[in-house]
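There are 2 protein chains.
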Amino acid sequence: MPQSAPAANSYLRTVFVVSDGTGITAETFAHSVLAQFENARFRHIRLPFIDSVDKAADVAARIDAAFTADGQRPIVFSTLVNSEINTRVRQANGLFLDLFSTFVEPIEQELNIKSSHSIGRSHNMANTKQYQSRIEAINFSLAHDDGQFIKGLEQADVILVGVSRCGKTPTSLYLAMQYGIKAANVPLIPDDFERGALPSAILPHRAKLFGLTIQPERLAEVRNERRPDSRYASLEQCRYEVAEAEKLMRRESIRWLSTTTKSIEEISTTVLQKIGLEGRFY
Amino acid sequence: MPQSAPAANSYLRTVFVVSDGTGITAETFAHSVLAQFENARFRHIRLPFIDSVDKAADVAARIDAAFTADGQRPIVFSTLVNSEINTRVRQANGLFLDLFSTFVEPIEQELNIKSSHSIGRSHNMANTKQYQSRIEAINFSLAHDDGQFIKGLEQADVILVGVSRCGKTPTSLYLAMQYGIKAANVPLIPDDFERGALPSAILPHRAKLFGLTIQPERLAEVRNERRPDSRYASLEQCRYEVAEAEKLMRRESIRWLSTTTKSIEEISTTVLQKIGLEGRFY
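Below, the structure written as C-alpha cells:
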C-alpha cells in the first residue's frame, strides 16, 4: 500500500531511458516498474541510439540539467553495452538503474563465458530470416483481416473468429508483429447465426480456429464509438450476436476467451498459451 | 569478445521468464540480454499470469525439473510483484534475475515511498483512455494504409511516403500499436514521378510527411519475394523509382531516412525523433 500522499511536486521526477539501440524494451520496462508508484509523477525522456562517447557526454549534460531544474536527481534506466559510453553517462548526477550490466554480469559468472558486449544486437536483425518472417506475417495478417481474403488460409497459424469489434484485428496484428505468427481473422455475422453454421470458408481449417468473445455492454460501447446510435451498436443487437456466437463456438468446440477487460498483449499471450504455439517462436 | 567455444552442449541452458502479467517485456528484455552470449544456446520458456502461490509451486517444480534434465540450473528472469509468490518460485534451483525487486527497491529508497506492489498493472488498462487511443490509432493506420482512404488525413499524426515495399505499412502499424500514433501511409508511384509532383491528396498535409527510402538492390529482393521476375521487381525499375522518389522528396524538402538495414523498431524510433513527436505520448 502507498503511504499517505505528501506534496505532489516532491514526487515529480524526470526519468531518462538511455540506450544504444531503440530503448523501446527499456522504456516499456521502466513504465511497468514505475507504475508501481501510483502517487508519484514522472516525466519520461527516451534517448535512443547513444552509441558514441560524444553522445554520452550530451546525455550526461541533459541529466545534470534536469537535476538542476528539478532540484532532485533524475532516475536513469540505461542499457549501454559499451563500458566507455556507460561510464561517461554515469558521470552525471542521477539514480542509475543499469539494466545491462546488472544482469549480464551474473549470467557471465553462471555460464563462465564473457558476453560479446556488442551494441544494439537485439533489434539489429533487419535482414535475418526471423525478421523477414515477422514482415511476412504482418502482410499475411493484413491480407486476411476481417475475412477479406479467404485464399491462403491453409498457411495461417491461427484463425481468430468472433463478432465484429470484439478485438480480432488488433490481436491478429500484434501476434504477427511480436511473434511472426500468421494470424487471419474472420467475423461471425448474423448470416452465420441464421444458418446456425460457421462460415464455410473456415470449415476446412477447424483445428486452427480460436474464438474471441466480449461482454455485450462493452461491445455496445465500442460499436457506438464507430457508428453512434446505429442498430449495429444497440445493446439488443450486441446481446443477440454475442449469445449466438458463443452458442455456435460452444457447439463447434472452438476454444475461446473473453476480451472484455484484457489488453491486446494479454489476449495474444492467452491465445498463444491455449493453442500451444508459444514455444514455437523461440 | 567471446572466449573460444567449448563443447556446445555445456552452454545449452533453459531460460524461464516468469511473470504475473504477460511477461512480454521481461521476455524481450531476456532476449536482448542473452543475445550478448553468442556462443551459448538457450531454450526459452515463458510462464505468464503466475498470480497465485499454487501456480508459483508449479513453476518451481518446472524449474527443478529442467535443472534435473539439463544437469545445470536454469536462468530465471522474473517479474513477480507479490512477495509470497516470488518467495515460492525462488525455492527452486535456478539463477534468479529478479527484474522487479532489483529496481523497485532502489526507487523506493530514492523517492522515499513504498511501491503499491499490485500485480499486473503495466498492461492492466484495457479500458483506459490511453489504451483506447492505441486501438483507435490501429484502426486509423489500417484504414489509411497504402493510400487507400484519403479522407481523414487531417487527423493523421504522421503520413509516411515512399515507393511500394519500402517499409511504410509495418512502420505505420508499429507506430499505432506501440505509441497510439495515427500513422497514414501513401505510396509514391511512377505516375507521381512522371508528373514530377506529390500525390495531390497529401499536399495539404505537407508538414506531416515523412519519407522512407531503401537501397534499390534490397527493394528488388523484397519485391521479388512478392512478385517474382516481374518488371515491378526488376533492379532497373527499383533503381528508377528510388532515384525519382528521393529526387521528389529532396525537392519538396521532405525529411526521410533509409530503411535498408533497419528494423521496424529502429525505423519507428527514428521517425519519432525526427518529427519531434517523441515526448507526446508519455
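These protein sequence lines map, in sequence, to chains A and B. Going by my numbering, 264 is the number at position 264 of the first sequence; the sequence numbering is gapless. Going by my numbering, 1186 is the number at position 186 of the second sequence; the sequence numbering is gapless. For glycine and all other residues, C-beta sits at the position ideal for the given N, C-alpha and C.
Member of the options whose CA lies at the smallest distance from the CA of residue i
| i | options | result |
| --- | --- | --- |
| Gly-71 of chain A | A:Leu-34, A:Leu-12 and A:Leu-212 | A:Leu-12 |
| Leu-1099 of chain B | B:Thr-1260, B:Ile-1254, B:Thr-1025 and B:His-1044 | B:Thr-1025 |
| Pro-199 of chain A | A:Thr-171, A:Asn-86 and A:Val-161 | A:Val-161 |
| Gln-36 of chain A | B:Val-1059, B:Ile-1107 and B:Leu-1097 | B:Ile-1107 |
| Ala-1057 of chain B | B:Glu-1241, B:Ala-1030, B:Arg-1041 and B:Asn-1086 | B:Asn-1086 |
| Glu-1136 of chain B | A:Ala-201, A:Lys-129, A:Glu-217 and A:Glu-225 | A:Glu-225 |
| Glu-1038 of chain B | A:Lys-114, A:Leu-175, A:Pro-228 and A:Ile-214 | A:Lys-114 |
| Thr-28 of chain A | A:Leu-257, A:Ser-52, A:Thr-79 and A:Asp-192 | A:Thr-79 |
| Phe-103 of chain A | B:Leu-1097, B:Phe-1067 and B:Ser-1101 | B:Leu-1097 |
| Arg-1251 of chain B | B:Phe-1193, B:Lys-1129 and B:Ala-1040 | B:Phe-1193 |
C-alpha distance - residue i paired with residue j, whole-angstrom precision
| i | j | result |
| --- | --- | --- |
| Ile-181 of chain A | Tyr-232 of chain A | 31 Å |
| Lys-1208 of chain B | Met-249 of chain A | 45 Å |
| Ile-1018 of chain B | Glu-266 of chain A | The amino acid at residue 1018 of chain B is misidentified as Ile; the sequence shows Val. C-alpha separation (whole angstroms): 15 Å. |
| Ala-1061 of chain B | Gly-276 of chain A | 20 Å |
| Leu-1203 of chain B | Ser-253 of chain A | 52 Å |
| Gly-196 of chain A | Glu-246 of chain A | 12 Å |
| Ala-201 of chain A | Ile-1138 of chain B | 26 Å |
| Val-1242 of chain B | Leu-1272 of chain B | 23 Å |
| Thr-1171 of chain B | Ala-1069 of chain B | 42 Å |
| Pro-190 of chain A | Tyr-1131 of chain B | 29 Å |
| Ser-116 of chain A | Glu-84 of chain A | 15 Å |
| Ser-1052 of chain B | Lys-274 of chain A | 19 Å |
| Ala-1183 of chain B | Leu-175 of chain A | 20 Å |
| Lys-129 of chain A | Gln-1109 of chain B | 45 Å |
| Ser-234 of chain A | Glu-221 of chain A | 9 Å |
| Leu-257 of chain A | Ser-32 of chain A | 25 Å |
| Arg-1255 of chain B | Tyr-179 of chain A | 31 Å |
| Phe-67 of chain A | Glu-1105 of chain B | 21 Å |
| Arg-1280 of chain B | Arg-227 of chain A | In this prediction, Arg-1280 of chain B scores a pLDDT of 48, lower than 50, which makes its location untrustworthy; the coordinate-derived value is nonetheless stated afterwards. Each residue's Cα considered, the two are about 28 Å apart. |
| Ser-1101 of chain B | Ile-1063 of chain B | 20 Å |
Buried versus exposed call for residue i [16 or more other C-beta atoms within 10 Å across all chains shown]
| i | result |
| --- | --- |
| Gln-285 of chain A | Since the first residue shown for chain A is 1 and the last is 282, residue 285 of chain A is missing from the structure and cannot be characterised. |
| Val-1163 of chain B | buried |
| Gly-94 of chain A | buried |
| Gly-1021 of chain B | buried |
| Arg-1223 of chain B | buried |
| Ala-65 of chain A | exposed |
| Ser-263 of chain A | buried |
| Glu-1217 of chain B | exposed |
| Thr-1213 of chain B | buried |
| His-1123 of chain B | Here His-1123 of chain B scores only 47 on pLDDT, less than 50, and its place in the model should not be relied on; the value that follows carries that caveat. His-1123 of chain B comes out buried. |
| Asp-1229 of chain B | exposed |
Residues of its chain near residue i, where Cβ-Cβ distance is below 8 Å and the 5 sequence neighbours each way are ignored
| i | result |
| --- | --- |
| Thr-169 of chain A | Asp-145, Asp-146 and Asn-185 |
| His-1205 of chain B | Leu-1153, Glu-1154, Ala-1156 and Ile-1159 |
| Val-15 of chain A | Ala-30, Leu-34, Phe-42, Arg-43, His-44, Ile-45, Pro-74, Ile-75, Val-76 and Phe-77 |
| Asn-82 of chain A | Asp-20, Asp-51, His-117 and Ile-119 |
| Gln-215 of chain A | Val-242, Ser-258 and Thr-260 |
Distance CB(residue i)-CB(residue j) smaller than 9 Å
| i | j | result |
| --- | --- | --- |
| Ile-1150 of chain B | Phe-1210 of chain B | no |
| Met-177 of chain A | Arg-239 of chain A | no |
| Thr-1269 of chain B | Phe-49 of chain A | yes |
| Leu-1219 of chain B | Arg-1165 of chain B | yes |
| Thr-259 of chain A | Gly-167 of chain A | yes |
Sequence-distant residues of the same chain with beta carbon closer than 6 Å to residue i, five excluded per side
| i | result |
| --- | --- |
| Ala-143 of chain A | Phe-149 |
| Leu-173 of chain A | Ser-141 |
| Gly-23 of chain A | Val-17, Arg-46 and Pro-48 |
| Met-1001 of chain B | Confidence in Met-1001 of chain B is poor, its pLDDT being 36 and thus under 50, which makes the residue's placement too unreliable to answer from. |
| Gln-1237 of chain B | Arg-1231 |
| Asp-1054 of chain B | none |
Same chain, Cβ closer than 7 Å to residue i, five either side skipped, listed in chain order
| i | result |
| --- | --- |
| Val-1059 of chain B | Val-1018, Leu-1047, Ile-1050 and Val-1089 |
| Leu-188 of chain A | Val-161, Gly-162, Val-163, Ala-245 and Leu-248 |
| Gln-91 of chain A | Ala-60 |
ask   = Relative to chain E, which residues along the segment 34-56 of chain A have a C-beta separation below 9 Å, given in chain order?
value = Considering every chain present, this structure includes no chain E. Its protein chains are A and B.
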